[in-house]
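*Asks:* Here full-length UniProt numbering is used: the first residue of the sequence shown is 1, the next is one more, and so on. All residues carry an ideal CB built from backbone N, CA and C; glycine is no exception. The structure presented is a predicted model; accordingly, all values stated were derived computationally and were not measured. Can you keep this structure in mind? I'll have questions shortly.
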Amino acid sequence: MLTRPNAPKIMRKEIKVTQRITLSENDGNIEKDSKGSLPEIRNSPSSYNENSDSKSHYSEADDLEIGLCTSTCEPKGMINESNDCFFIACLQFLLCIPEFVDYLKSWKPDNRESPILESLIKISNEIDNKADESPVDISHCRKLFNDEFEEGYQHCANQLILALFDKIQFSCNNVTKVFQCYEEKDSDKVWEQYLSDRGSIVDKLFVGMYKRSFKCKECLIEQIHYDEFKSIPLPCTKESGKSMPGVISNIGEEVEESTFLCKKKCKGERDCTITATIIHYPEYLILPFQRQDCFTQEKIEEKMYFNQEFTEAHHKIEYTLQSFIFHMGSLDSGHYFSLCKVGESWYKCNDERVTKVDPENLEGYKDNAYILIYKKKAN
Numbered sequence: 001m002l003t004r005p006n007a008p009k010i011m012r013k014e015i016k017v018t019q020r021i022t023l024s025e026n027d028g029n030i031e032k033d034s035k036g037s038l039p040e041i042r043n044s045p046s047s048y049n050e051n052s053d054s055k056s057h058y059s060e061a062d063d064l065e066i067g068l069c070t071s072t073c074e075p076k077g078m079i080n081e082s083n084d085c086f087f088i089a090c091l092q093f094l095l096c097i098p099e100f101v102d103y104l105k106s107w108k109p110d111n112r113e114s115p116i117l118e119s120l121i122k123i124s125n126e127i128d129n130k131a132d133e134s135p136v137d138i139s140h141c142r143k144l145f146n147d148e149f150e151e152g153y154q155h156c157a158n159q160l161i162l163a164l165f166d167k168i169q170f171s172c173n174n175v176t177k178v179f180q181c182y183e184e185k186d187s188d189k190v191w192e193q194y195l196s197d198r199g200s201i202v203d204k205l206f207v208g209m210y211k212r213s214f215k216c217k218e219c220l221i222e223q224i225h226y227d228e229f230k231s232i233p234l235p236c237t238k239e240s241g242k243s244m245p246g247v248i249s250n251i252g253e254e255v256e257e258s259t260f261l262c263k264k265k266c267k268g269e270r271d272c273t274i275t276a277t278i279i280h281y282p283e284y285l286i287l288p289f290q291r292q293d294c295f296t297q298e299k300i301e302e303k304m305y306f307n308q309e310f311t312e313a314h315h316k317i318e319y320t321l322q323s324f325i326f327h328m329g330s331l332d333s334g335h336y337f338s339l340c341k342v343g344e345s346w347y348k349c350n351d352e353r354v355t356k357v358d359p360e361n362l363e364g365y366k367d368n369a370y371i372l373i374y375k376k377k378a379n
């Protein structure tokens, strides 16, 4: 498949966190540069800021109880008009999530326009129409993203997932400003405040939160900052391939040595210990592999080993594999498709074709896995 000349690479560059971190004295803002290894945090778009004049709207769909879902979400093929396989793979995973489909079915306009939700509802309704077995037209949804993802060329599926989430969040109009919280010790209060400020279907299903502690090694004063996340990138190297199950189960906590500007007591740059702990685990955990070598700009083809179920080591949160997205080919071209679980059945969604897959054959697909989507198990 063609890719636009000099276009951004399909896979995202590996993101490294800072050697030097600055916390402002009053609000704890963090400046990041240089190197490190803490998970990447995807910030909300600039349209979500304190000066935004968007107002929160209420819809009955916003009261959807997670876990009380009726949708079967059995997938149907989608028309690939022009290198849209990356777009189709993402839509298939999203529309195989019963809680999200239930939200679409219960959503009402309520005097507000929402092109993205209206488009997704149209696609969902066509999937539900079992009398028509023809592939679903997604062009009306694809056009909503033409400014960010040029039509006719392949793009990064993980970037699209984040863009989809951003657009849905903004469309729900539950976001009026960037969420900021510093120094609060009670993590439960922080998450409750976050949902109170936002609370869209994306926040309820896909958003998690980190608590980052910066402890000065000289004065021992600890400063705290909270970050939301929608995905956690995983390393993709020869060394990490076979140890990936252990990496995944230890995502709940990261510790790193670094330096920061301690303004509370030391009034200067000091060594510090950064501890990043997940305080809220999302219902659906998205884990993309960092398959682009940041030095050679080539795709890392290593096979990544991962389990269909895992238990997070620090908080004993249990997850089971819900979907995974694949990329075959080089960074300059290639093809995306997805495997999605509906009930106890697995489906391979490859553009216009959807076929059932024997769960015992899933192992053969792991070579080209790019994004894993896990669902939190019920307590």
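(1) Could you check which residue in Ile224, Glu192, Pro288 and Cys141 has the C-alpha nearest to that of Ile232?
(2) Taking the Cβ atom as the reference point for each residue, do Val342 and Cys96 lie within a distance shorter than 8 Å?
(3) Across the stretch 97 to 108 and the stretch 348 to 359, are there enough close Cβ pairs to call them in contact, namely three or more that are closer than 8 Å?
(4) Straight-line CA distance for Gln290 to Lys377?
(5) Can you grab the Cα-Cα spacing for the pair Pro282 / Lys130, in whole Å?
(6) Starting from the N-terminal side, write out each stretch of the alpha helix (DSSP H) that is 4 residues or longer and does not extend beyond the stretch 98 to 168.
(7) Distance check for Glu269 and Lys366, CA to CA, integer angstroms please.
(8) Let's test the definition: count the other Cβ atoms within 10 Å of the Cβ of Asn83 and tell me whether it reaches 16, buried, or not, exposed.
(9) Please determine, among Phe206, Glu253, Glu192 and Trp191, the residue with the shortest C-alpha to C-alpha distance to Leu285.
(10) Would the beta-carbon of Ser338 fall within 8 Å of that of Lys299?
(11) State the DSSP-derived secondary structure class of Pro288, mapped to helix, strand or coil.
(12) Consult DSSP for Asp203 and reduce its assignment to one of helix, strand or coil.
(13) Can you have a look at Cys272 and say buried or exposed, based on whether 16 or more other CB atoms are within 10 angstroms of its CB?
(14) With distance defined between alpha-carbon atoms, name the residue in Leu91, Ser134 and Glu133 nearest to Ile168.
(15) Is it buried or exposed for His280, if we count other Cβ within 10 angstroms and need 16 for buried?
(16) Along the chain, where does the beta strand (DSSP E) containing Lys356 start, and where does it finish?
(17) Would you identify the three-state DSSP class for Lys215, choosing helix, strand or coil?
(18) Among Thr259, Glu228 and Val190, which has the Cα closest to the Cα of Glu218?
(19) Whose CA, out of His335, Val136 and Ile371, lies closest to the CA of Phe86?
(20) For Lys299, name the three-state secondary structure that DSSP assigns.
(21) How big is the Cα-Cα spacing for Gln308 and Gln223?
(22) Applying the criterion that 16 or more other CB atoms from any shown protein chain within 10 Å of the CB defines a buried residue, is Gln150 buried or exposed?
(23) Going by beta carbon distance, what residues of the same chain come within less than 7 Å of Pro115, once the five residues before and after it are set aside?
(24) Return the bridge partner residues of Trp191 from the DSSP annotation.
(25) With a threshold of 6 Å on Cβ separation, who are the neighbours of Gly252 within its own chain once the five nearest residues in sequence on each side are excluded?
(26) Who are the Cβ neighbours of Val202 in its own chain at under 7 Å, not counting the five residues just before and after it?
*Replies:* Once the coordinates are examined:
(1) Against the sequence shown, residue 232 aligns to sequence position 232. Cα-wise, what sits closest to Ile232 is Pro288.
(2) On the sequence shown, position 342 is the one that residue 342 refers to. On the sequence shown, position 96 is the one that residue 96 refers to. The answer is yes: Cβ separation under 8 Å.
(3) Short answer: they don't touch.
(4) Position 290 of the sequence shown holds residue 290. Position 377 of the sequence shown holds residue 377. Whole-angstrom Cα-Cα distance: 26 Å.
(5) Here residue 282 corresponds to residue number 282 of the sequence shown, with the count starting at 1. Here residue 130 corresponds to residue number 130 of the sequence shown, with the count starting at 1. The alpha-carbon atoms of Pro282 and Lys130 are separated by roughly 32 Å.
(6) 98 to 106, 115 to 128 and 139 to 142
(7) Numbered from its first residue, the sequence shown carries residue 366 at position 366. Numbered from its first residue, the sequence shown carries residue 269 at position 269. Answer to the nearest angstrom: the Cα atoms are 45 Å apart.
(8) By 1-based counting over the sequence shown, the position of residue 83 is 83. Counting Cβ neighbours within 10 Å, Asn83 comes out buried, since at least 16 surround it.
(9) To locate residue 285, count along the sequence shown from 1; it is residue 285. Per the Cα distances, Phe206.
(10) Residue 338 sits at position 338 when you count from the first residue of the sequence shown. Residue 299 sits at position 299 when you count from the first residue of the sequence shown. Note that the C-beta distance between Ser338 and Lys299 is not below 8 Å.
(11) In the sequence shown, residue 288 corresponds to position 288, counting from 1. Three-state result, Pro288: strand.
(12) In the sequence shown, counting from the first residue as 1, residue 203 sits at position 203. The answer is helix: DSSP assigns Asp203 an H, G or I state.
(13) By 1-based counting over the sequence shown, the position of residue 272 is 272. Buried is the call here.
(14) Within the sequence shown, the letter at position 168 stands for residue 168. When only C-alpha atoms are compared, the closest one is Leu91.
(15) As a working mapping, residue 280 is identified with position 280 in the sequence shown. Burial call: buried.
(16) Here residue 356 corresponds to residue number 356 of the sequence shown, with the count starting at 1. Arg353 to Val357 is the extent of the beta strand (DSSP E) around Lys356.
(17) As a first step, residue 215 must be located in the sequence shown, where it is residue number 215. Residue state, collapsed to three classes: strand.
(18) Your numbering for residue 218 matches position 218 in the sequence shown. It is Thr259 whose Cα lies nearest to the Cα of Glu218.
(19) To locate residue 86, count along the sequence shown from 1; it is residue 86. Comparing Cα positions, the closest option is His335.
(20) Taking the sequence shown and counting its residues from 1, one reaches residue 299 at position 299. Strand.
(21) On the sequence shown, position 308 is the one that residue 308 refers to. On the sequence shown, position 223 is the one that residue 223 refers to. If you take the alpha carbons of Gln308 and Gln223, they lie about 37 Å apart.
(22) For the purposes of this step, residue 150 is taken as the residue at position 150 of the sequence shown. Looking at the sequence provided, one finds Glu at residue 150 rather than Gln. It counts as exposed.
(23) Position 115 of the sequence shown, counted from the first residue, corresponds to residue 115. So the qualifying residues of the chain are Leu144.
(24) Within the sequence shown, the letter at position 191 stands for residue 191. Per DSSP, none; premise fails for Trp191.
(25) Along the sequence shown, one-based indexing puts residue 252 at 252. The answer, listed in chain order, is Ile278, Glu312, His314 and His315.
(26) On the sequence shown, residue 202 is found 202 positions in, with the first residue counted as 1. Excluding positions up to five away in sequence, the list reads Phe165, Ile168 and Gln169.
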